[in-house]
Structure formats: structure tokens, C-alpha cells
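Just below is one structure, and these are the notes that go with it.
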Amino acid sequence: MRAALFVTCVTDALYPRTGIAVVRLLERLGVGVDFPAAQSCCGQPQYNTGYRYETEPLMRRTARAFAGHEYVVTPSGSCAAMIREHYPRIGRKAAAEGRGSELAEAAAALAPRVYELTEFLVDVLGVTDVGAYFPHTVTYHPSCHGLRGLGLGDRPRRLLAAVKGLDLVELPGAEECCGFGGTFAVKNPDVSTAMGTDKITAAAGTGAQVLCGADNSCLAHLGGLLRRADSPLRTLHLAEILAATEEEPLT
Amino acid sequence: MTGTYLGMPAFPAFPAAAREAVRDEALRANLRHATHTIRDKRARAVAELADWDRLRAAGKAVKDHTLRHLDRYLLQLEAAVTAAGGTVHWAADADEANRIVTELVRATGEREVVKVKSMATQEIGLNEALEAAGIAAYETDLAELIVQLGHDRPSHILVPAIHRNRAEIRDIFRAEMAGWGRPAPEPLGDDPRELAEAARLHLREKFLRAKVAVSGANFMVAETGTMVVLESEGNGRMCLTLPETLISVVGIEKVVPTFRDLEIFLQTLPRSSTAERMNPYTTMWTGLGPSRGADGDGPTAFHLVLLDNGRTDTLADETGRQALRCIRCSACLNVCPVYERAGGHAYGSVYPGPIGAILSPQLRGTGSAIDASLPYASTLCGACYEVCPVAIDIPEVLVHLRERIAQGGPVTRAGVRVTLRPADGHTAERAAMRAARLLLDHPGALRAGERLLARARRLAPRRLPGAGRAWTDSRELPTVAAQSFRDWWARERSDPR
Chain A
5 MRAALFVTCV
15 TDALYPRTGI
25 AVVRLLERLG
35 VGVDFPAAQS
45 CCGQPQYNTG
55 YRYETEPLMR
65 RTARAFAGHE
75 YVVTPSGSCA
85 AMIREHYPRI
95 GRKAAAEGRG
105 SELAEAAAAL
115 APRVYELTEF
125 LVDVLGVTDV
135 GAYFPHTVTY
145 HPSCHGLRGL
155 GLGDRPRRLL
165 AAVKGLDLVE
175 LPGAEECCGF
185 GGTFAVKNPD
195 VSTAMGTDKI
205 TAAAGTGAQV
215 LCGADNSCLA
225 HLGGLLRRAD
235 SPLRTLHLAE
245 ILAATEEEPL
255 T
Chain B
2 MTGTYLGMPA
12 FPAFPAAARE
22 AVRDEALRAN
32 LRHATHTIRD
42 KRARAVAELA
52 DWDRLRAAGK
62 AVKDHTLRHL
72 DRYLLQLEAA
82 VTAAGGTVHW
92 AADADEANRI
102 VTELVRATGE
112 REVVKVKSMA
122 TQEIGLNEAL
132 EAAGIAAYET
142 DLAELIVQLG
152 HDRPSHILVP
162 AIHRNRAEIR
172 DIFRAEMAGW
182 GRPAPEPLGD
192 DPRELAEAAR
202 LHLREKFLRA
212 KVAVSGANFM
222 VAETGTMVVL
232 ESEGNGRMCL
242 TLPETLISVV
252 GIEKVVPTFR
262 DLEIFLQTLP
272 RSSTAERMNP
282 YTTMWTGLGP
292 SRGADGDGPT
302 AFHLVLLDNG
312 RTDTLADETG
322 RQALRCIRCS
332 ACLNVCPVYE
342 RAGGHAYGSV
352 YPGPIGAILS
362 PQLRGTGSAI
372 DASLPYASTL
382 CGACYEVCPV
392 AIDIPEVLVH
402 LRERIAQGGP
412 VTRAGVRVTL
422 RPADGHTAER
432 AAMRAARLLL
442 DHPGALRAGE
452 RLLARARRLA
462 PRRLPGAGRA
472 WTDSRELPTV
482 AAQSFRDWWA
492 RERSDPR
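Shown next, in the form of C-alpha cells:
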């Protein structure tokens, strides 16, 4: 089986380790990975801030970049939700504005082939034990787009629970938003910081060493708050934990 | 694009208003406790019903159908109310509604009215309009009474005084009740029972004296002309039955086609709002009824004021119109992490929280600073959509309104289709979005940019100027990696370039 990696712009520029982890993980599970170089950003920051027309070229680019791939895997619940939920909506709006059906067709062709990483592992590959080893105490924050947008349910936590050596502790108020929200983090910095502070306080209270998530943008916000607070708690993307093995531990 | 009054004076934009609330530790603690308690209870009450999803879908369908044929159902309602002995008045905006009510009260010769909690009259600022005409309006819902006596503004749809604690309420009662009627008993403690008794004595005097009452309605039934009010205290029922003249001011979106439709909402509204299986006081009345006057029960005159105030303009918007499905349960407020920190006053309207963030900028237009900031007062986390008993996709409407603010677009104001220009103050953001799009749409340039960033990563400042300051004031920036994923892949997996 082959899958194309949609690495996302945030992971590409700021968290390449997550992208590398996804490649290693999928290859370990026997999946050949392609990385179409023409890919870029899904357009979520533009769309969610109100710039739908600025989103359209990025949507077109994304659809073209992954045109030939049966499975498109991404380590971001919010980017997957953007493509699955909002691309069709953008397509419908363009058609309603009399600009043809091209975008709607592009959305319809791409959306069903896009999988968030944990969906791909659990639903397509049918695995929950990916042979990972990570001897640390971990708590998991399910980001909103994964939780409510995609309905990931307990998939991420099942994957984590199967990791050898990993002690998974419950995060109180896990389903509550961390306060990132894309441009919300800079448009409403006080409320954003208050929400994030409550989240890291809850995470630190679990006694965990690692706050794990499946969306690097939320982790950038929470990690930024933790480092400003000089907290020993560190953030890690789920993929990096799942990629770690006894032979190749996470450093 | 301003004009529609929503019961609040000029207000600062949301981020500034929220900043004050976030710093108020006591307020945050009060809100957190109250919203978490009620959200947990709601979840349990909803989980009891196996057919909740079907009720939710049915409520959405009834509301959508009614809105699509609103003209027909409103005319049917008018005919039914008239046939039952009531009088129907149509008000296009707040001024017209206030004028109608003021004249109706004047015609009775009375100088005071009692009121049962009504968001529509808060929305139009009726109390202030009556006061200007020399008529005193007394709120009789306990929380509304606290807000009124405290010269305050409501901060929640269902619990308007959610921001006040018991000690504050006692102080308000002791200082203010005497100026409005029966003084507070002395001594007065802050025990809920004592406070409720003080309010009961104060209000009883008003109920027994009042000749005119003003109410809202949760629902209006088109086929029968029946008005429906749901409340928890019984004070509303006193207002609806004791006075001789009853004036109900109701938004036109509150109509439902048939009596049978109520079975849906009488299940979903109480469970969503107060987490009760059944509402404590549900009062229904139809015009004056055949025996009114004969047994002396109920008002001898009934007036229904149907309020538009931006609603038909909202109805003209295909995406935004779903906000008119709202049954004012406040479940979205109680589950919203932004409301929990910012408090209700920051939303600058009688409609706070997620529903307020989509309703106010539609009813009032997006011309003011507060209205242009409300669609951004959300992280789009989706918790509000999940709990909404009529399935209003609030995040979808928020993004839709953000587009109206950032990019402009068609909108209906006072029945006229106009094209809005992008709102002021978004020039820098628009330029940044375009620049980002250009970069992201050219992977070669993106890769070069990433390399530049990686090379300069040691120079990364701890605090950024301009818009970036909003991030670095409280958070560290992510550290830039030595090489992007794109570069790693090119080196490791494909031909080096």
C-alpha cells in the first residue's frame, strides 16, 4: 500500500520532526510514503479568518497535488477537517456565485481520500498497537477539530494505550478547547491565554511528563505557554510517540 | 449600517471588553462554577432521552420550515389572535415597537407596568423608552429584578445575574428596594431563602397593584393564536394572569405552525436550559378566550406586538438565517470556553455568548467596533454546535460573518440588498493574508522562505513587535527547525537538488 503524506505548512516549517516521524511510522507498518512536492497549505488560516477567496488557490493547489493518490494522510485533525468539511462548502459557494463547478468537483474528488493519521492507522490499516515504545507518563489533549470536527473518538487514546512502557493519564476537562483557534490566539490574546493556562494547569496537575496532541498548532500555543512558565512538562505530537521504538527511541 | 438597537449602549470591541473580565478573578471563578455545574446537569438530562437526536432534527426542521414560510404563518397567527379577541400590532424596528407599547400603556391611564422576563423588550430598550414617557416598568423575574435594582445589564440569557454573588445581591436589595417599592426586610442576610423571601414580598405588592403587564413569549402557535411562556418561578404567571391589560412583545421568528409542534420544544428547551425534564411553569393563553371577563380570570385586553428589528434582513441571508432557529436555551453559553472567561457583558448585547456572536452582528449590522469583533470572539471549537437543541451550526455562521467583515459582500439592510465593503481596520491583515497566500501558492518560494527562516533562527527574538506581540506577550515562539520537512525529504528520499 502507498499513501501520500500531507505534512501541513506548520509541520513542514516548524515541526519537521513530526513529518519525519509519520514517514518512519508508516514505513515501519509497510506503507510506502509519497511526498508530492507541489503541496502547500490547506488554506485554513485564510478561510477561518474570513478570506474565502484567498483560500481558493490553495484549495486548488492541494487538490491538484494529491490528485493521483488513493490515500492522503495528515498529522493534523484541523487540516483534515478543513478539507473534508470546508472544501465542499467553498466549492458550493463558488458554484452558487456563478463561478462554475470546478472547485466543488475538486473538493468532492479529494475529501473522501483524506485521513487524519489516527484514522488511517485504526480504520484503514486496522492497527492499534503500532509497536512503539515510550517509557514516560503521558496525558492526551484531543484538539477540537479532531474531537468534534472529525469525530476521532478514542482512536488516539487507543493507540497511545498500546504503546509499550507508556503510562497514559486522563486529562481533566480534556474536551475543552485549548484557546489556540488560529488567528483567535492573536485577535483575542487575553482570552486565548486564559484558556491555554487552564489547559496547561490541568495537564501539569496529572503528573504527566508529556502533553501529547495530534495537532501541532494547538501544541505550539500550549508549548509556548509551558516554556514561558518554565514548566518541565513538554509537548509532543502523537506521531513522534508512535514512531519511537526500543531500537530507535525518541531523543 | 448601524441603527438596530439591541439593549446596550455603545460598547468597546470584544477583545478589550474581555480583557477586563479575564482579569477579574472573582468573576471568572463565579462563571466557571456556574457554567460547569449547569453544563454537567444538561448533559445528564439530555442523555436520559434515547431520541434526543431525532428531537433535535425535528426542532430544526420545524423551525426551518416555519422560517421559509414565515409570511404565511405570521398572517395565520394574526388571524387566529384577532379571532380570539386579541389585537395584533406590527413593529418594523425598536422605535416603532416602543412607540406602540408606550401608547397602549398611556391609553390605559396607568403609570406603571409589571414585566415578565422578555429578551425582546431588553433588545429594544423598552424600559428606557417607557421611563422617558413617565411610565415605570418593574421587572418581576428574580434575576431581572436583581439586574434592574443594580442599575446593571444582563450577562446571560437564562441567568441574567450570573455575574453577581449572594453578598452583592443582598447589598443591592438593601440599598435599592426602598426606592422602587417595598423596602428589603431588616436585618437581611445573604442566605438564598432570605433573599428570595425579600424579593417575593417586594414583588407581591407590585403584582397586586399592577393593571398592565408586558411580556415576551417563547413560542406563538399560528393555527390557534396561542402564546407560550416558560419560566421557573411563577412570577411570570402572576404577570400573565393578574393585570387587566397584557401586552406581549415577541420576535417574529418565535412562531411555530401547530400546537402539536410544541411537543418537541417543551422537551428540548427545559433540558437544554435548566436541565429540567419538564418546565416548572408553562403558561399558555389564546387571545382573551370565550369566558374571559365572565369569571374575572385573566386580562380583559390582549395586545400582541410582532417585532422585526432586523429579523427579515437576517432571514434573507441563506447561511446566517439559521440563527433565527434559536429558542434561547443558553446551552451554547454554558459550554463556551470563551464566554466562560470573557463573561456576558463583553458581548455588548442582550444576546451574549456564541449565539450572541452570530445574532447581534446580523440584527444590528457589522458597522460598529463591537459588531465587527463579535464573529472573531470564538475559537471555532464547535462545542456550541454540539449542544444546540436546534442544531444551529454556529461555527459555520461565524466564519460566514468573518468573511462579510474581511472581504465585504452582499447583505440585506431594511429590506434592501446592498454590497458591503470590507470593514475598516483589516487592511494590514488582508495584506498579510494575501502575502501568505502568494508564498504558500509557490512551493519554490516557500522552500526558500523556510531556508531563510532556518538560517536566521538563532536571531529569533523572544518578543515580537506589532501584531506578533499578542502572541509573545504570554507565549514563547516555536523554535524554528534547522531544516524544514521539505528539505529533509529532498535530501533523504529523493534526488538532492
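Quick mapping for you: the protein sequence lines, in order, are chains A and B. As numbered in my numbering, residues 5 to 255 make up the first sequence, in order. As numbered in my numbering, residues 2 to 498 make up the second sequence, in order. Note that CB positions come from ideal geometry on N, CA and C, so glycine has one too.
Start-end ranges of the alpha helix (DSSP H) lying completely within the region 437–477 of chain B, minimum 4 residues:
444–456, 470–473
Could you tell me which of B/ILE395, B/PRO355, B/ARG405, B/VAL391 sits nearest to B/ALA373, measuring between CA atoms?
For the purposes of this step, residue 373 of chain B is taken as the residue at position 372 of the second sequence. For the residues B/ILE395, B/PRO355, B/ARG405, B/VAL391, the minimum Cα distance to B/ALA373 belongs to B/ARG405.
A/GLN50 versus chain B: which residues are under 8 Å apart at the beta carbon?
Stepping through the first sequence from its first residue, residue 50 of chain A is reached at position 46. Those within 8 Å of A/GLN50 in chain B are MET434, ALA437, ARG438.
Measuring CA to CA, which of B/VAL339, B/THR88, B/THR480 is closest to B/HIS304?
Position 303 of the second sequence, counted from the start, is the residue given in the question as residue 304 of chain B. Looking at the Cα atoms, B/THR88 is the closest of the given residues.
Are there 16 or more other CB atoms within 10 angstroms of the CB of B/LEU204, so buried, or fewer, so exposed?
The count along the second sequence starts at 1 and reaches residue 204 of chain B at position 203. Classification of B/LEU204: buried, given that the 10 Å Cβ count is 16 or more.
If we count the other Cβ atoms within 10 Å of its Cβ and call it buried at 16 or more, is B/GLU232 buried or exposed?
Within the second sequence, the letter at position 231 stands for residue 232 of chain B. Label assigned to B/GLU232: buried.
Do three or more CB pairs link the region 304–315 of chain B to the region 117–133 of chain B at distances below 8 Å?
yes
Own chain partners of A/GLN213 with C-beta closer than 8 Å, once the 5 adjacent residues on each side are dropped
The residue you call residue 213 of chain A lines up with position 209 of the first sequence. Taken in chain order, the residues that qualify are HIS140, THR141, VAL142, PRO236, LEU237, ARG238.
Would you decide whether A/PRO116 is buried or exposed? Buried here means 16 or more other CB atoms lie within 10 Å of its CB.
Here the question's residue 116 of chain A lines up with position 112 in the first sequence. Exposed: under 16 other Cβ atoms inside 10 Å.
Element boundaries [beta strand (DSSP E), containing A/ASP38]:
For the purposes of this step, residue 38 of chain A is taken as the residue at position 34 of the first sequence. From DSSP, the beta strand (DSSP E) with A/ASP38 extends over 36–38.
Give the straight-line distance between the Cα atoms of A/PHE124 and A/SER105, rounded to the nearest whole angstrom.
One-based indexing of the first sequence puts residue 124 of chain A at position 120. One-based indexing of the first sequence puts residue 105 of chain A at position 101. If I take the Cα positions, the gap works out to 29 Å.
Rank B/GLU140, B/ASP442, B/GLY110 by C-alpha distance to the C-alpha of B/MET1 and give the top, closest one.
This structure does not reach residue 1 of chain B, given that chain B is present from 2 up to 498, and the question cannot be answered.
Would B/GLY4 count as contacting chain A if we go by Cβ distances under 8 Å?
Translated into positions along the second sequence, residue 4 of chain B becomes position 3. At B/GLY4, the pLDDT of 48 sits below 50, so the modelled position is not reliable and the matter cannot be decided from this model.
Going by DSSP, name the residue or residues bridged to B/ILE248.
Position 247 of the second sequence, counting from 1, holds the residue named residue 248 of chain B. BP columns for B/ILE248 point to B/VAL215, B/HIS304.
From the beta carbon of B/SER216, is the nearest beta carbon of chain A less than 8 Å away?
Looking up residue 216 of chain B in the second sequence gives position 215. Not closer than 8 Å to any Cβ of chain A, the Cβ of B/SER216 fails to qualify, so no.
What separation, rounded to the nearest whole angstrom, lies between the Cα atoms of B/ALA85 and B/ARG238?
One-based indexing of the second sequence puts residue 85 of chain B at position 84. One-based indexing of the second sequence puts residue 238 of chain B at position 237. So the alpha carbons of these two residues sit roughly 20 Å apart.
Could you check if B/HIS152 is buried or exposed, using at least 16 other CB atoms within 10 Å of its CB as the buried criterion?
Here residue 152 of chain B refers to the residue found at position 151 of the second sequence. B/HIS152 comes out exposed.
From the DSSP output, read off the bridge partner residues of B/GLU232.
Numbered from 1 along the second sequence, position 231 holds the residue referred to as residue 232 of chain B. B/TYR282, per the DSSP bridge assignment.
Leaving out five residues before and five after A/TYR91 in sequence, what residues of the same chain have Cβ atoms less than 7 Å from its Cβ?
Here the question's residue 91 of chain A lines up with position 87 in the first sequence. Once the five neighbours on either side are set aside, the close Cβ partners of A/TYR91 are MET63, ALA111, LEU114, ALA115.
Is it true that the CB of B/CYS327 sits closer than 8 Å to the CB of B/VAL388?
Here residue 388 of chain B is taken as the residue at index 387 of the second sequence, counted from 1. Here residue 327 of chain B is taken as the residue at index 326 of the second sequence, counted from 1. Result no, Cβ atoms of B/VAL388 and B/CYS327 do not sit closer than 8 Å.
For A/VAL76, does the count of other Cβ atoms within 10 angstroms reach 16, so buried, or fall short, so exposed?
As a first step, residue 76 of chain A is located in the first sequence; it is residue number 72 there, counting from the start. It counts as buried.
At which residues does the beta strand (DSSP E) containing B/PRO353 begin and terminate?
Along the second sequence, one-based indexing puts residue 353 of chain B at 352. Here B/PRO353 belongs to no beta strand (DSSP E), and DSSP marks it neither H nor E.
Ignore the nearest five residues each way along the sequence and tell me which others in A/LEU154's own chain have a CB closer than 8 Å to its CB.
In the first sequence, residue 154 of chain A corresponds to position 150, counting from 1. The answer, listed in chain order, is GLY81, ALA84, ALA85, ARG88, GLU120, GLU123.
Quick check: what's the CA-CA separation for A/ARG103 versus B/ILE356?
As a first step, residue 103 of chain A must be located in the first sequence, where it is residue number 99. As a first step, residue 356 of chain B must be located in the second sequence, where it is residue number 355. The straight-line gap from Cα to Cα measures roughly 32 Å.
Using DSSP bridges, identify the partner residues of A/ASP171.
Taking the first sequence and counting its residues from 1, the one referred to as residue 171 of chain A is at position 167. A/ASP171 pairs with A/THR141.
Per DSSP, the bridge partner or partners of B/HIS427
Locating residue 427 of chain B in the second sequence gives position 426, where the first residue counts as 1. Paired residue(s): none; B/HIS427 is not in a bridge.
Boundaries of the alpha helix (DSSP H) in which A/TYR57 is found, first to last residue:
Translated into the one-based positions of the first sequence, residue 57 of chain A becomes position 53. Counting along the chain, the alpha helix (DSSP H) containing A/TYR57 begins and ends at 56–69.
For B/ALA407 and A/ALA233, the rounded distance between their alpha carbons
The count along the first sequence starts at 1 and reaches residue 233 of chain A at position 229. The count along the second sequence starts at 1 and reaches residue 407 of chain B at position 406. The alpha-carbon atoms of A/ALA233 and B/ALA407 are separated by roughly 35 Å.
Starting from the beta carbon of A/MET199, find every residue of chain B whose beta carbon is closer than 8 Å, and list them in chain order.
By 1-based counting over the first sequence, the position of residue 199 of chain A is 195. Residues of chain B passing the Cβ test: PRO338, VAL339, ARG342, THR380.
Using 8 Å as the cut-off, can you tell me whether the region 193–209 of chain A makes contact with the region 43–61 of chain A, which would need three or more C-beta pairs spanning the two stretches below that distance?
no
Select from the region 458–488 of chain B all residues with a C-beta closer than 7 Å to any C-beta belonging to chain A, and list them in chain order.
ALA468, ALA471, TRP472, ASP474, SER475, ARG476, GLU477, LEU478, PRO479, VAL481, ALA482, GLN484, SER485, PHE486, ARG487
Based on DSSP bridge pairs, tell me the residues matched to B/THR227.
Along the second sequence, read from residue 1 onward, the residue named residue 227 of chain B stands at position 226. B/THR227 pairs with B/VAL222, B/THR287.
Nearest to B/GLY288 by CA position, among B/PRO444, B/ARG43, B/GLU79, is which residue?
The sequence position of residue 288 of chain B within the second sequence is 287, counting from 1. Cα-wise, what sits closest to B/GLY288 is B/GLU79.
Count the CB pairs spanning the region 184–202 of chain B and the region 260–270 of chain B that are closer than 8 Å, and state whether there are at least three.
no
Beta-carbon proximity list for A/ARG21, same chain, < 7 Å, skipping 5 on both sides:
Residue mapping note: residue 21 of chain A aligns to position 17 of the first sequence, counting from 1. Excluding positions up to five away in sequence, the list reads GLU244.
Beta-carbon within less than 7 Å of B/ALA347's beta-carbon, same chain only, minus the 5 sequence neighbours each way: which residues are those?
Sequence index remark: in the second sequence, residue 347 of chain B carries index 346 (1-based). So the qualifying residues of the chain are PHE15, ALA18, ALA19, ALA22.
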